[in-house]
Amino acid sequence: MRVKKGRDEVVFLALSYVLVTLFAFFCLLPFYLIVVGSFTRESVILTQGYSFFLTAKNFSAEAYRMAFKSPDTIVKAYGITLFVTVVGTLTAVFLSAMTGYVLARPDFPWRNKVSFFFFFTTLFSGGLVPWYLMCSKFFKFNNHIYSLILPCLFSVWNMIIAKSFMKGIPFEMTEAAKVDGAGDFYTFRKIILPTAKPLVATLGLFTALTYWNDWYNCMLFMSTGGTWNLQYTLQNILNSSEALKRIASMTGMQVGQVPTEGLKLSMTVIATGPIILLYPFLQKYFVKGMTIGAVKG
Amino acid sequence: MKTNGSGKGKKGKYGFGRQIRKNRTLIAMLLPALLYVVVFSYIPMFGVTIAFKDYNYNDGVLRSPWCGLQNFEYLKISGKLLDLTKNTLLYNLAFIVFGILFEVGFALMLSEITGRVFKKVSQAFLFLPYFISWVVVSTVMLNIFGQNGVLSNILSHFGIEDFSIYHQVRQWPLVMVAVRLWKQTGYGTVVYLAAIAGLSQEMFEAAAIDGANIWQKIRFVTIPSLKPTIFIMFLLSVGNIFRGDFGMFYQIVGNNQLLLETSDVIDTFVYRSLITSPNIGMSAAAGFYQSVLCFVTIVSVNWIVKKIDPEYTLF
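Read top to bottom, the protein sequences are chains R and V.
Going by my numbering, the first sequence wraps up at 297, each residue one higher than the last.
Going by my numbering, the second sequence wraps up at 612, each residue one higher than the last.
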């Protein structure tokens, strides 16, 4: 059924296109400027400031060469972030999906009580200090890689998303599997999880983002430099001339010769790049996977 | 959505022990997550007692001596408590209100737009800022809005020298709200788009047959159907209204004394006081204060919502 567009609709659509384009432009612009800046020759940045366009005259990949010349700092941080992201995301998504599935089963008698038990942790919390003391004193988190994985392993928010999605899967599927003699866990793994692809994709991306972008836990628990993740390393390079000096000495340059501004920008690109590449593969699942439903019921 | 009936009926028939036996696999599937929240959320809740103790590292949480409300006195004496609370509350209110307006607004617009490629590409761009850490946001901001940044470069052509957004103390809250909207709108939009996608097409067709124009459709069909999602998102953020976004404030404002006056939130203050003078008791007192305020707020807001329409409550 195709109705001719009325005047009101044309006005609304025109407005929508303009506003969305404008907002999208402002969302993209900073990324563009940073990438351009990271490829701009240091002397140009220092004398003329940041430029809007790359030309043959101001182009230089020196900053990237520098960044990868100091393997100790960046490659190691990359390794840590990658490991934490992969292990953390796989575990966290499985955990949220499994919990969400059980709580969405209409035949599970305690689903409301347990849901509230989870949800209550978002209503009241002990605060940072008790949590930190327990993690560092009792679990000896300090300078262990699991201090970067455990704090983000389970989130009630993700569980709510999982539960809402699982509710949309017909219960008949579970019942049919039961009739065929499948156990609950088997049903979840072999029948529900493959059906829940949009959920897995959505939660997977958001959890991966959490791990990839984490610097907070690293700041809290990692006192020694050798075990820093990517974002925290970046923060240190950005904020301290010490870190830059270290890179300079490692690459055998004078501190004055180091393309400081360019290096900061190229590091920013390096620290962000890979995770953005995930998006196009997962985009088609988003709108299906992001249903927020009630906590109760 | 209430399917309570069947569960309760069975409970009566079989009794508790059999219920457990019957659901043992499902219970086992819940255990890892249950264990997680017990360890990382429930046990630290008892740590709020630190707020009433003269904590020292050797005696630990359990054996440190009690000291009454002394920690809260310290908190009050530092003279900042009221300002900090006000900052945290006002920032969060602005984030919530403008956040919902932007997210619902863009979701409505995107859902009406028919160009598939445009929709896909613009949605991807809106999402971009959500992908970067606050560390990166702060670099990007420095490079664009800082003293030698892109903006200052452009403005110098117009005769405005040495412009830096970080000197605009009075307008700074606007900057924070803008950054927040820039970073979060894409994510929130997807939540509402998902909700719109789940609406039945029949309602819109019926409205079209009745001759509703697009504004009427949005006002009388789409927005009312989005209400449950809007309420959930609203209530979930209200539950944290006295907790500042540490990552955002810490990375963007940092130790900028000029800006701290208008943008120090409870969380950044607690962190700084922990770093400079490790007064564990006072920091715990601040955390306890936040938790109590948040709890009281969410319980009362939820109660008010219940009076308006019980369908929309969180619990």
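Don't be surprised by glycine CBs; every beta carbon is placed ideally from N, CA and C.
On a predicted model such as this, the values are computed, not experimentally measured, just so you know.
Inter-residue spacing [alpha-carbon to alpha-carbon] between residue i and residue j
i          : j          : result
Arg-413(V) : Val-567(V) : 48 Å
Thr-610(V) : Ala-24(R)  : 34 Å
Val-200(R) : Glu-172(R) : 21 Å
Thr-482(V) : Glu-400(V) : 5 Å
Phe-667(V) : Tyr-17(R)  : Chain V is shown from 298 up to 612; residue 667(V) falls before or after that span and cannot be answered.
Val-44(R)  : Val-36(R)  : 12 Å
Phe-154(R) : Phe-517(V) : 38 Å
Gln-283(R) : Leu-439(V) : 30 Å
Gly-443(V) : Ala-494(V) : 41 Å
Lys-480(V) : Asn-229(R) : 22 Å
Tyr-352(V) : Phe-369(V) : 13 Å
Phe-120(R) : Leu-278(R) : 33 Å
Gly-204(R) : Pro-362(V) : 45 Å
Val-476(V) : Val-335(V) : 35 Å
Ser-560(V) : Lys-319(V) : 54 Å
Arg-7(R)   : Ile-149(R) : 54 Å
Leu-28(R)  : Leu-425(V) : 7 Å
Tyr-211(R) : Phe-428(V) : 11 Å
Ile-605(V) : Lys-76(R)  : 55 Å
Thr-99(R)  : Val-474(V) : 35 Å
Lys-299(V) : Ser-375(V) : Reliability of the predicted coordinates at Lys-299(V) is poor, the pLDDT of 42 falling under 50, and the value obtained from them is presented with this limitation in mind. Spanning the two alpha carbons is a distance of roughly 50 Å.
Lys-299(R) : Tyr-339(V) : Nothing about residue 299(R) can be read from this structure; chain R reaches only from 1 to 297.
Strand pairing of residue i, partner residues [DSSP]
i          : result
Thr-526(V) : Looking at the DSSP assignment, Thr-526(V) forms no beta bridge with any residue, so it has no partner.
Ile-110(R) : Here residue 110(R) is Trp; the residue named in the question, Ile, does not match the sequence. In the DSSP output, where bridge partners are listed per residue, Trp-110(R) has none listed.
Lys-350(V) : Trp-363(V)
Phe-59(R)  : Thr-40(R)
Within-9 Å CB hit, residue i to chain V
i          : result
Arg-65(R)  : no
Phe-53(R)  : no
Gly-289(R) : yes
Ile-149(R) : no
Met-159(R) : yes
Trp-314(R) : Outside the modelled stretch of chain R, which goes from 1 to 297, sits residue 314(R), for which no answer is possible.
Glu-175(R) : no
Gly-262(R) : no
Arg-105(R) : yes
Tyr-146(R) : no
Asn-213(R) : yes
Lys-140(R) : no
Within-9 Å CB hit, residue i to chain R
i          : result
Gly-312(V) : no
Thr-385(V) : no
Phe-585(V) : yes
Asn-389(V) : no
Phe-369(V) : no
Gln-465(V) : no
Cys-364(V) : no
Ile-605(V) : no
Gly-553(V) : As written in the sequence, residue 553(V) is Asn, which differs from the Gly given in the question. Taking Cβ atoms only, chain R never reaches closer than 9 Å to Asn-553(V), which makes this a no.
Val-596(V) : yes
Ser-560(V) : no
Ser-570(V) : no
Asp-351(V) : no
Asp-271(V) : The structure shown does not extend to residue 271(V), since chain V spans only 298 to 612, so no value can be given for it.
Pro-521(V) : no
Ala-325(V) : yes
Trp-600(V) : no
Phe-612(V) : yes
Gln-316(V) : yes
Any non-hydrogen atom of the ligand NAP within 8 Å of residue i CB
i          : result
Gln-465(V) : Within the structure as shown, the ligand NAP is missing, as the structure has no ligands at all.
Q.
What are the residues in the stretch 14-35 of chain R lying within 9 Å of chain V by C-beta distance?
A. Leu-15, Ser-16, Tyr-17, Leu-19, Val-20, Thr-21, Phe-23, Ala-24, Phe-25, Phe-26, Cys-27, Leu-28, Leu-29, Pro-30, Phe-31, Leu-33 and Ile-34
Q. Going along the chain, which residues of the stretch 187-211 of chain R sit with their C-beta nearer than 8 Å to a C-beta in chain V?
A. Phe-188 and Leu-209
Q: Check whether the stretch 572-588 of chain V touches the stretch 122-135 of chain R, counting contact only when three or more Cβ pairs, one atom from each stretch, lie closer than 8 Å.
A: yes
Q: Name, going along the chain, the residues of the stretch 415-432 of chain V whose beta-carbon falls closer than 9 Å to a beta-carbon of chain R.
A: Phe-415, Lys-416, Lys-417, Val-418, Ser-419, Gln-420, Ala-421, Phe-422, Leu-423, Phe-424, Leu-425, Pro-426, Tyr-427, Phe-428, Ile-429, Ser-430, Trp-431 and Val-432
Q: Scan the stretch 432-444 of chain V for residues whose Cβ lies nearer than 7 Å to a Cβ of chain R and list them as they occur along the chain.
A: Val-432, Val-433, Thr-436, Val-437, Asn-440 and Ile-441
(Q) Residues of the stretch 118-133 of chain R in Cβ contact with chain V at a cutoff of 7 Å, in chain order, please. (A) Phe-118, Phe-119, Thr-121, Thr-122, Leu-123, Phe-124, Ser-125, Gly-126, Gly-127, Leu-128, Val-129, Pro-130, Trp-131 and Leu-133
Q.
Any C-beta of chain R within less than 9 Å: which residues of the stretch 396-410 of chain V qualify?
A. Phe-399, Gly-402, Phe-403, Leu-405, Met-406, Leu-407, Glu-409 and Ile-410
Q) Which residues, in chain order, does the stretch 69-103 of chain R contribute to contact with chain V at a C-beta distance below 7 Å? A) Leu-95, Met-98, Thr-99 and Val-102
(Q) So, does the stretch 270-289 of chain R touch the stretch 134-147 of chain R, judging by three or more C-beta pairs under 8 Å? (A) no
(Q) Would you call the stretch 515-534 of chain V in contact with the stretch 449-468 of chain V, where contact means no fewer than 3 C-beta pairs closer than 8 Å? (A) no
Q: Scan the stretch 470-501 of chain V for residues whose Cβ lies nearer than 8 Å to a Cβ of chain R and list them as they occur along the chain.
A: Trp-479, Thr-482, Gly-483, Val-487, Val-488, Leu-490, Ala-491, Ala-492, Ala-494 and Gly-495
Q.
Closer than 8 Å is the cut-off here; do at least three beta carbon pairs connect the stretch 519-534 of chain V with the stretch 327-345 of chain V?
A. no
Q. Quick check: the stretch 311-323 of chain V against the stretch 83-95 of chain R, are there 3 or more CB pairs under 8 Å?
A. no
Q. Three or more C-beta pairs closer than 8 Å, one from the stretch 180-194 of chain R and one from the stretch 387-394 of chain V: is that the case here?
A. no
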